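Q:
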């Protein structure tokens, strides 16, 4: 009889294990379906290999929109909007009970100055953004600084400025972060004009940011307005915009891949993304499936998105070929 009891227990354990595995798989699939459907419900349909306007009528309107970021589960979104004859402003939407809320200005809207270019870190615990609002204990703006808000059980906290060495710069914009917590952004040296600003990084060391370093010539080579860098979660690639001689328009998107610790020379992302207009402010969805960016002219522009996986593979192959020439 003991063997029978053992056999029954084994079967029960096997059945329970199969049920648990199936449940976990179902949960994972359900989560991916929710993430995908949440984006589809914002934009009516999913993109293929051709860039299309994202969230037409809700996120992308007749105003000037750029700089979009999502929470890790893609159930909360922030972006920048600038109405005609108005300042930049961060807007937001959130999914509640399977439905997106109406677009509205973020709760931390500046009372003096303006806010733009939000970024949620990969853990979903911090929301960074650029702002010209006065620093604490000051009555007037002293530049374009990075501020951040932390997520708690009760929602986002009131924002505070990012500490030294960042606050020591008069301009830091379009900050993005990797899984390690390293920060990548646009800034310049004292006396630089906006067209001279380039991409810098700050490496976290024992939980602290000690210095700001200009990235190498593979990233910051020929051109003007080298800005708005998006760093991959694992730091395997970086995308940014620049105005260069090989560009298709006013400003194009470029990508560089990290191989054996070194960055490849940045590659124009081509006509799938770039046009005669301005393309800028790239970001990639948390699941790494879709590339988002701004496209427009000086008066009006929208946020576009395109399927990223195929495009990335093609560009990575081309980058390897270029490195051997």
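Numbering (full-length UniProt numbering), first residue to last: 1 to 325. Glycine residues also receive a C-beta, built at the ideal position from the N, C-alpha and C atoms. Only a predicted model underlies this, so the values are computations on that prediction, with no experimental measurement involved.
(1) Any idea what DSSP makes of residue 25, helix, strand or coil?
(2) Beta-carbon within less than 7 angstroms of residue 257's beta-carbon, same chain only, minus the 5 sequence neighbours each way: which residues are those?
(3) Relative to the C-alpha of residue 231, which candidate in 121, 52, 107, 94 has its C-alpha closest?
(4) Taking the Cβ atom as the reference point for each residue, do residue 96 and residue 80 lie within a distance shorter than 9 angstroms?
(5) Using DSSP bridges, identify the partner residues of residue 107.
(6) Would you report the Cα separation of residue 156 and residue 246, rounded to the nearest angstrom?
(7) If we count the other Cβ atoms within 10 Å of its Cβ and call it buried at 16 or more, is residue 67 buried or exposed?
(8) Leaving out five residues before and five after residue 93 in sequence, what residues of the same chain have Cβ atoms less than 6 angstroms from its Cβ?
(9) Check the DSSP bridge columns for residue 204 and list the partner residues they point to.
(10) Could you name the residues that DSSP lists as bridge partners for residue 220?
(11) Going by DSSP, what residue range makes up the beta strand (DSSP E) through residue 275?
(12) Near residue 169, what residues of its chain come up, given a Cβ to Cβ distance below 6 angstroms and the 5 sequence neighbours on each side ignored?
(13) Please classify residue 187: does DSSP put it in a helix, a strand, or coil?
(14) Look at the Cβ atom of residue 255, then the Cβ atom of residue 242, and state whether they are nearer than 9 angstroms.
(15) By alpha-carbon positions, which one of 218, 306, 162 ends up nearest to residue 49?
(16) Considering only C-alpha positions, which residue in the set 61, 39, 43 is nearest to residue 55?
(17) Would you call residue 146 buried or exposed, if buried means 16 or more other Cβ atoms sit within 10 Å of its Cβ?
(18) In this structure, what does DSSP give as the bridge partners for residue 290?
(19) Below 8 angstroms, how does it come out for the stretch 193-201 and the stretch 209-217: are there three or more Cβ pairs, yes or no?
(20) Looking at the secondary structure, which residues open and close the beta strand (DSSP E) in which residue 242 lies?
(21) Take residue 143 as the anchor and find which of 123, 172, 195 has the nearest alpha-carbon.
(22) Examine the ligand COA and report whether any of its heavy atoms sits within less than 8 angstroms of the Cβ of residue 148.
(23) Going by beta carbon distance, what residues of the same chain come within less than 6 angstroms of residue 250, once the five residues before and after it are set aside?
(24) Within a Cβ cutoff of 8 angstroms, which residues of the same chain sit near residue 313, ignoring the five residues on either side of it in sequence?
(25) Check whether the Cβ atoms of residue 240 and residue 248 lie closer than 9 angstroms to each other.
A: On the basis of the supplied data:
(1) Confidence in residue 25 is poor, its pLDDT being 40 and thus under 50, which makes the residue's placement unreliable; the coordinate value appears in the next sentence. Residue 25 falls in the helix class under three-state DSSP.
(2) 236, 237, 264, 316, 319
(3) 121
(4) no
(5) Paired residue(s): none; residue 107 is not in a bridge.
(6) 42 angstroms
(7) buried
(8) 77, 100, 101, 103
(9) 209
(10) Answer is none; residue 220 lacks a bridge partner.
(11) From DSSP, residue 275 is part of no beta strand (DSSP E); its letter is neither H nor E.
(12) 187
(13) strand
(14) no
(15) 306
(16) 43
(17) buried
(18) 307
(19) yes
(20) 237-243
(21) 172
(22) In the structure on display, the ligand COA does not appear, and there are no ligands present to speak of.
(23) 278
(24) none
(25) no
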